[in-house]
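All remarks here apply to the structure that follows.
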Amino acid sequence: HQPHWLRLPQFRDVPLFISRNRLTGYKTVPQAVGRWAMDSGGVTELKDHGRWRTTAPEYVADVRRITAGVG
Numbered sequence: 600h601q602p603h604w605l606r607l608p609q610f611r612d613v614p615l616f617i618s619r620n621r622l623t624g625y626k627t628v629p630q631a632v633g634r635w636a637m638d639s640g641g642v643t644e645l646k647d648h649g650r651w652r653t654t655a656p657e658y659v660a661d662v663r664r665i666t667a668g669v670g
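So the sequence shown is numbered by our numbering: it starts at 600 and just counts up by one.
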C-alpha cells in the first residue's frame, strides 16, 4: 500500500500494510485515520542490496519515529 493512503478517509475501514522502506523517505509521515501495520522491508533490503544497510539502533529509531508520527 501507499503511505499517503494512511490519511485518506476512504481507507478508514481498510487495514493498511505499509513498507518501512517507503515511510523512511518522509520527513513528516502521514497520520493514519484507520488501522495499519508496518512491513519491515527486510526481504526487499536483502533482495536489492544483499545485506542489511541499517544498523539495529537505526532501525529501532526509524520505527519509533514512524509509529509516533503515524499513530
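All C-beta atoms, glycine included, are put in the ideal place defined by N, C-alpha and C.
By alpha-carbon positions, which one of Trp604, Gly641, His648 ends up nearest to Ala628?
In the sequence shown, counting from the first residue as 1, residue 628 sits at position 29. The residue asked about is misnamed: residue 628 is Val in this sequence, not Ala. Nearest of Trp604, Gly641, His648 to Val628, Cα basis: Trp604.
Return the CA-CA distance between Asp647 and Ser618, expressed in angstroms with no decimal places.
By one-based count along the sequence shown, residue 647 stands at place 48. By one-based count along the sequence shown, residue 618 stands at place 19. Straight-line Cα distance between these residues: approximately 15 Å.
So for Ala655, helix, strand or coil by DSSP?
Within the sequence shown, numbered from 1, the residue matching residue 655 stands at position 56. It is helical.
Would you report the Cα separation of Asn620 and Asp612, rounded to the nearest angstrom?
Here residue 620 is taken as the residue at index 21 of the sequence shown, counted from 1. Here residue 612 is taken as the residue at index 13 of the sequence shown, counted from 1. Taking the straight line from one Cα to the other gives about 24 Å.
Under the three-state reduction of DSSP, which class applies to Asp638: helix, strand or coil?
Sequence index remark: in the sequence shown, residue 638 carries index 39 (1-based). It is a strand residue.
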